[in-house]
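Student: Submitted below is the structure of interest, expressed as structure tokens.
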Amino acid sequence: QPPTSPTPETAAAPPPLPGLPTERPAGCPFDPPAELGRVRRERPLAPMAYPDGHVGWLATGHAVVRTVLGDPRFSSRYELMRLPVPGMPPGGLPPAPPGDLTGIDPPEHTRYRRLLAGRFTVRRMRLLTERVTRICAEHLDAMERQGPPADLVAAYARPVPAMVICELLGVPYADRDRFQRHAEVLTGGALDEDTGAAAAALSAYLGDLVRAKRAEPTDDLLSELAATDLTDDELTTLGVVLLGAGLDTTANMIALGTFALLRNPDRLAELRADPQLVAPAAEELLRYLSIAHTGARVALEDVELAGHTIRAGDTVAVSLQAANRDPLRFAGPDTLDPHRSPTGHLAFGHGVHACVGQQLARVELRIAYRALLSRLPGLRLAVAPEEVPVRVDATVHGVVELPVTWDEG
Ligand code: HEM
Numbered sequence: 025q026p027p028t029s030p031t032p033e034t035a036a037a038p039p040p041l042p043g044l045p046t047e048r049p050a051g052c053p054f055d056p057p058a059e060l061g062r063v064r065r066e067r068p069l070a071p072m073a074y075p076d077g078h079v080g081w082l083a084t085g086h087a088v089v090r091t092v093l094g095d096p097r098f099s100s101r102y103e104l105m106r107l108p109v110p111g112m113p114p115g116g117l118p119p120a121p122p123g124d125l126t127g128i129d130p131p132e133h134t135r136y137r138r139l140l141a142g143r144f145t146v147r148r149m150r151l152l153t154e155r156v157t158r159i160c161a162e163h164l165d166a167m168e169r170q171g172p173p174a175d176l177v178a179a180y181a182r183p184v185p186a187m188v189i190c191e192l193l194g195v196p197y198a199d200r201d202r203f204q205r206h207a208e209v210l211t212g213g214a215l216d217e218d219t220g221a222a223a224a225a226l227s228a229y230l231g232d233l234v235r236a237k238r239a240e241p242t243d244d245l246l247s248e249l250a251a252t253d254l255t256d257d258e259l260t261t262l263g264v265v266l267l268g269a270g271l272d273t274t275a276n277m278i279a280l281g282t283f284a285l286l287r288n289p290d291r292l293a294e295l296r297a298d299p300q301l302v303a304p305a306a307e308e309l310l311r312y313l314s315i316a317h318t319g320a321r322v323a324l325e326d327v328e329l330a331g332h333t334i335r336a337g338d339t340v341a342v343s344l345q346a347a348n349r350d351p352l353r354f355a356g357p358d359t360l361d362p363h364r365s366p367t368g369h370l371a372f373g374h375g376v377h378a379c380v381g382q383q384l385a386r387v388e389l390r391i392a393y394r395a396l397l398s399r400l401p402g403l404r405l406a407v408a409p410e411e412v413p414v415r416v417d418a419t420v421h422g423v424v425e426l427p428v429t430w431d432e433g
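Reminder that position 376 of the sequence shown reads as 400 in our numbering, one-by-one numbering, no gaps.
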């Protein structure tokens with residue numbers, strides 16, 4: 025038998041991408057890395073070399089990303105997954121501890137998800153409107169009292185969601201020094217010792233709290249969950265996940281979203297003139313900024329997708345930010361347009377792991393943007409835009425500080 029010659033397709037196949045593009049365009053922290061756009065245009069699903077030597081995949085096209093997230097043949101189990109960024113431990117990732125619903129699949133995932141889903145409904149989250157409005161107003165009062173300039177991150181974007189998630193869960197906000205920084209370390213960047221220490225510190229803090237709630241339940245989510253069949257360990261880990269997910273994501277959306285509006289003065293003027301536009305604008309900012317920019321799944325069996333065979337065991341990095349800027353899904357995707365309805369955006373993910381807190385995040389963002397714009401006339405950056413420090417290589421994109429000023433009434 026003559027040796028089989030490569031098929032024309034194989035012979036012509038371009039080599040795997042050398043790695044995940046991470047460099048954003050200079051001076052525009054709102055746009056994804058330009059390289060991602062090129063990859064999406066040419067190969068919406070492409071083989072990619074991972075830093076640990078694994079040759080996996082990168083999905084950038086909206087249709088492919090959505091398919092991967094919605095298909096049960098792709099798993100979220102951490103112990104099967106490779107990381108598309110440096111920091112992969114030599115022995116692989118440890119499995120998700122009991123209670124961490126983000127790194128497991130149905131049916132184990134379904135049990136936790138059911139406990140949460142009914143507690144984060146649109147109706148329940150809308151009930152929080154009044155309280156969130158109050159919390160925003162109090163922080164704006166303090167900012168006004170202090171007078172301009174201010175760092176919007178420290179004065180508003182960080183404390184507002186922190187106070188909201190604390191009250192919802194029943195975590196004393198006064199203890200924030202014991203969890204806020206740790207939670208930020210967890211979404212801040214690479215896997216290193218700091219993240220291990222931060223996770224341990226958060227677990228220790230939440231563990232004490234869970235035992236206290238069991239002994240003396242109060243009117244909050246942790247106490248409600250303590251009345252279910254969850255073990256102490258499960259509830260502690262679930263508490264860490266909820267607190268971590270609720271703190272840093274919304275904070276970065278408030279700050280980076282405000283920055284994006286300040287850089288789009290026409291949009292800002294429109295929102296000021298028509299507060300009804302704030303809700304659709306918040307949705308559009310979620311799409312446009314896609315701060316939770318990259319996820320990952322691993323194939324449990326061989327899967328044919330977009331003309332490729334993904335082998336069992338291959339990791340697929342899913343670029344939510346590239347998918348949300350896909351011109352095949354959104355017309356003029358690089359324009360921030362509050363008049364479009366960006367239905368189908370993937371900023372909260374998709375499928376069984378889609379963000380449990382999305383209705384809460386929407387309530388917070390709408391109220392926080394509206395309150396800020398109506399309260400502080402002439403709100404503007406207090407430094408040149410290039411001087412705003414942007415988070416680099418963080419798993420949740422955003423700004424470190426946002427120096428702003430306004431006209432004093
Ligand atoms: C999951 C984004 C706010 C709790 C997710 C996922 C994304 C996301 C993309 C899916 C991850 C994946 O499939 O791998 C965001 C953004 C937020 C936000 C952009 C703010 C603007 C919140 C808040 C909470 C929360 C306020 C509060 C509790 C969760 C949880 C999961 C999750 C528990 C895991 C769900 C599961 O694995 O079943 N989020 N999130 N998120 N989010 Fe959010």
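Using N, Cα and C, we set each Cβ at its ideal position, and we do this for glycine too.
Predicted model only: the values in this text are computed from it and were never measured.
When the distance is taken between beta carbons, is Arg101 closer than 8 Å to Gly127?
Tutor: Cβ distance < 8 Å, so Gly127 and Arg101 count as in contact.
Student: Between Pro121 and Leu324, what straight-line distance do the alpha-carbon atoms span, to the nearest angstrom?
Tutor: Straight-line Cα distance between these residues: approximately 20 Å.
Student: Under DSSP, the alpha helix (DSSP H) around Gly268 begins and ends at which residues?
Tutor: Here the alpha helix (DSSP H) through Gly268 covers Asp256 to Leu286.
Student: If you reduce the DSSP assignment to three classes, tell me which class Arg311 lands in.
Tutor: Arg311 falls in the helix class under three-state DSSP.
Student: Taking the Cβ atom as the reference point for each residue, do Leu262 and Gly381 lie within a distance shorter than 8 Å?
Tutor: No, Cβ-Cβ distance for Leu262 and Gly381 is not below 8 Å.
Student: Please report the straight-line C-alpha distance between Arg399 and Ala161, rounded to a whole angstrom.
Tutor: For Arg399 and Ala161, the distance between alpha carbons rounds to 9 Å.
Student: With respect to 7 Å, is the separation between the Cβ of Leu230 and the closest non-hydrogen atom of ligand 2 below this value?
Tutor: Absent from the structure shown: ligand 2. Ligands present: ligand 1.
Student: Name the residue from Val188, Ile391 and Leu313 whose alpha carbon lies nearest to the alpha carbon of Asp244.
Tutor: Here the closest residue by C-alpha is Val188.
Student: Can we count Arg97 as close to ligand 1, meaning its CB is less than 7 Å from some heavy atom?
Tutor: Not so, every heavy atom of ligand 1 lies at least 7 Å from the Cβ.
Student: Mind checking whether Ile315 and His421 have CB atoms under 8 Å apart?
Tutor: Result yes, Cβ atoms of Ile315 and His421 sit closer than 8 Å.
Student: Kindly indicate which three-state DSSP category Ser99 falls into: helix, strand or coil?
Tutor: Ser99: strand per DSSP, three-state reduction.
Student: State the Cα-Cα distance for the pair Ser227 and Pro130, rounded to the nearest angstrom.
Tutor: Cα to Cα, Ser227 sits roughly 24 Å from Pro130.
Student: Sort Thr46, His86, Ala70 and Leu309 by Cα distance to Leu344 and report the nearest one.
Tutor: The shortest C-alpha separation from Leu344 is found at His86.
Student: Is Ser343 near ligand 1, going by C-beta to nearest heavy atom under 7 Å?
Tutor: Not so, every heavy atom of ligand 1 lies at least 7 Å from the Cβ.
Student: Express the C-alpha separation of Cys190 and Leu152 in angstroms, rounding to a whole number.
Tutor: Their backbone Cα atoms lie some 13 Å apart in a straight line.
Student: Looking at Ala83 and Val340, is the spacing between their C-beta atoms short of 8 Å?
Tutor: Yes, Cβ-Cβ distance for Val340 and Ala83 is below 8 Å.
Student: Return yes when the C-beta of Leu125 is under 7 Å from any heavy atom of ligand 1, and no when it is not.
Tutor: Yes, Cβ of Leu125 sits closer than 7 Å to a heavy atom of ligand 1.
Student: If I follow the unbroken alpha helix (DSSP H) through Thr134, where does it start and stop?
Tutor: Where Thr134 is concerned, the enclosing alpha helix (DSSP H) stretches over Glu132 to Ala141.
Student: Say the cut is 7 Å; is the CB of Gly467 nearer than that to a heavy atom of ligand 1?
Tutor: Nothing about residue 467 can be reported from this structure: the residues present for the chain run from 25 to 433 only.
Student: Looking at the structure shown, is Ala330 part of a helix, part of a strand, or coil, going by DSSP?
Tutor: Residue state, collapsed to three classes: coil.
Student: Return the chain-ordered list of same chain residues with a C-beta closer than 6 Å to the C-beta of Tyr74, the five sequence neighbours on each side being excluded.
Tutor: The residues are Gly80, Arg106 and Pro108.
Student: Check Asp243 in the structure and name its three-state DSSP category.
Tutor: Coil, per DSSP.
Student: Does the region 370-387 come close enough to the region 143-157 to have 3 or more Cβ pairs within less than 8 Å?
Tutor: The region 370-387, when compared against the region 143-157, does touch it at the 8 Å Cβ threshold.
Student: Following a CB-centred definition, is Val265 positioned closer than 7 Å to any heavy atom of ligand 1?
Tutor: Val265 Cβ: within cutoff of ligand 1.
Student: Among the residues of its own chain, which have a CB less than 8 Å from the CB of Thr157, if the five just before and after it don't count?
Tutor: Only Ile391 and Ala395 meet the Cβ criterion.
Student: Report yes or no: do three or more beta-carbon pairs, one from the region 251-265 and one from the region 403-418, lie closer than 8 Å?
Tutor: No, the region 251-265 does not touch the region 403-418.
Student: What residues in its chain sit with their C-beta under 8 Å from that of Pro57, if we drop five residues either side in the sequence?
Tutor: The answer, listed in chain order, is Pro45, Thr46, Glu47, Arg48 and Pro49.
Student: Between the Cα of Arg364 and those of Glu307, Glu168 and Asp350, spot the shortest distance and give me the residue it belongs to.
Tutor: Comparing Cα-Cα distances from Arg364 to each of Glu307, Glu168 and Asp350, the minimum goes to Glu307.
Student: Indicate, with yes or no, if ligand 1 has a heavy atom lying under 7 Å from the CB of Thr273.
Tutor: Indeed, a heavy atom of ligand 1 lies less than 7 Å from the Cβ.
Student: For Asp175, name the three-state secondary structure that DSSP assigns.
Tutor: Reduced to three states, the DSSP call for Asp175 is strand.
Student: If you pair each beta-carbon of the region 163-180 with each one of the region 133-141, do three or more pairs fall below 8 Å?
Tutor: These segments do not touch.
Student: With DSSP collapsed to three states, give me the class of Thr318.
Tutor: Of the three classes helix, strand and coil, the one that applies to Thr318 here is strand, per DSSP.
Student: Taking Cβ to Cβ, would you say Val234 is nearer than 8 Å to Asp253?
Tutor: No, these two residues do not count as a Cβ contact at 8 Å.
Student: Given a threshold of 16 other Cβ atoms within 10 Å of its Cβ, counted over all protein chains shown, does Thr359 qualify as buried or as exposed?
Tutor: So Thr359 ends up on the exposed side.
Student: For the candidate residues Thr134, His78 and Arg90, whose alpha-carbon lies nearest to that of Pro113?
Tutor: Measuring from the Cα of Pro113, the nearest candidate turns out to be His78.
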